[in-house]
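In this text, residue positions in the sequence shown follow our numbering: the first is 124, and each later residue adds one.
All residues carry an ideal CB built from backbone N, CA and C; glycine is no exception.
These notes are about the structure you will find just below.
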Amino acid sequence: MAEIAKEIDRDKLLDIYTRTMKVNRTDEKFRALLMQGKVAVMYYCVRGQELVSAAAMAALEKEDYVVCTYRGQGEQTAKGIPIEKWWGECLGKATGTCKGKGGTMHITDPETGIMVTTGVVGSGLPIANGLAMASQNNGDGRVTLVSFGDGAANIGGFHEAMNMAQLYKLPVIFLCQNNRYGEHTAYADHTDSLDISSRAAGYGMKGVKVDGNDVNQVYPAMVDAVEHARSGKGPVLVEAMCYRMMGHFFGSDFSYMPQEHIAEMQAEDPLPKLRAVMLERQFTEEELDKIVAEIDAEIDAAVRHALDAPLPDTDEIYKDVLEEVS
């Protein structure tokens, strides 16, 4: 793991905490709605990975681009997609970011910088290179971050994207959220190397491995990676070690996980760890609880709006397929 000793500014720490809890409370609400039978959609839980997404998004600028996977609720929420639009899309309503036609696995909101949510493992990496190359050619100063899991690191697109990004010194950050399982397969059963981050050396690229459950590691590492990429020094591979505390998708179990792994996972829960850091930095329990209560109220209002919103018109199936030229 990287040794990162920089102390995070207190205001930024509060920002990260708020983003983390938005991700967590959104996840909790989604799972509650599914269990209550109020919605019936495919959903990939982010419980256990909230801090990685929040810290990564907090290190970016509003104009920066993000490409995420179907387990992208963390990046989408933490980057700031308007909450009513996000819930509208997830529930297939006309008020959604894609007018209800993308759903949970294909959320896109360019205004927020969420450019693509991919439903195919690893497919976002080459796309991120394209966005980064456009920024490089246009000189707009944007950085592109692409998030993916450890399972995606073994497809050809991963290696091709890494090689191309380093060759052209693209302003892209490859964020591997290593939750130790590729769907139902343990990391050791699909990869024999000790980590993913060391692969960066094979391309001459900067690589770093951090504890994704520790805000004092993951945020400074992301800030350094963003600065590196934005300054024209090329791409960075960041491997954030974390845990997926739910099944691969909502409704699937994790009986394939050994009990010792589950115990370790629960002991390393990033939420109580982050709260402890907040208390150490002199935030009070009341302040932190108030933030969560405000987030819950905002989510409840957005869910009510989405549930009451209309479905897209049937003629929408013919729209947004081809560019309309007048």
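Tell me, please, which residues DSSP counts as bridged to residue i.
i    : result
T267 : Y188, V295
T235 : Bridge partners of T235: none, in fact.
G330 : L360
G272 : Q300
Are there any heavy atoms of the ligand GTP lying less than 7 Å away from the beta-carbon of residue i, as far as the coordinates show?
i    : result
Y193 : Although the ligand GTP was asked about, the structure shown includes no ligands whatsoever.
Look up residue i in the DSSP assignment and say whether it is helix, strand or coil.
i    : result
N302 : coil
L445 : coil
T241 : strand
A309 : strand
M369 : coil
E130 : coil
N277 : helix
L137 : helix
N336 : coil
S320 : helix
Y193 : coil
R353 : helix
P435 : coil
D419 : helix
Y167 : coil
H229 : coil
G160 : coil
D347 : helix
T149 : helix
T314 : coil
T220 : coil
Can you tell me the Cα-Cα spacing of residue i and residue j, whole angstroms?
i    : j    : result
T240 : A399 : 33 Å
V266 : L360 : 13 Å
S321 : M345 : 17 Å
V169 : S449 : 43 Å
G195 : R148 : 15 Å
A284 : Q199 : 23 Å
I278 : G242 : 15 Å
D431 : Q289 : 48 Å
E184 : L254 : 15 Å
K135 : E362 : 22 Å
A251 : V190 : 6 Å
I319 : C365 : 13 Å
A217 : K356 : 42 Å
E417 : N286 : 44 Å
E186 : K152 : 28 Å
A352 : H282 : 18 Å
E212 : T192 : 16 Å
A182 : A348 : 9 Å
V244 : A275 : 6 Å
D334 : H428 : 37 Å
N339 : D376 : 32 Å
K329 : P358 : 7 Å
V295 : D263 : 13 Å
T220 : T231 : 6 Å
P343 : P249 : 26 Å
Could you spell out the range, first to last residue, of the alpha helix (DSSP H) harbouring residue i?
i    : result
E253 : One point to set straight first is that residue 253 is Gly, not Glu, in the sequence displayed. That run of the alpha helix (DSSP H) goes 247 to 261.
T200 : 196 to 202
L174 : 173 to 182
C213 : 206 to 213
Establish whether the CB of residue i and some CB of chain D are separated by less than 8 Å.
i    : result
A276 : No chain D is part of this structure, which consists of one protein chain only.
Worksheet entry | Within the region 369 to 413, ranges of the beta strand (DSSP E) (whole runs, at least 3 residues) | none
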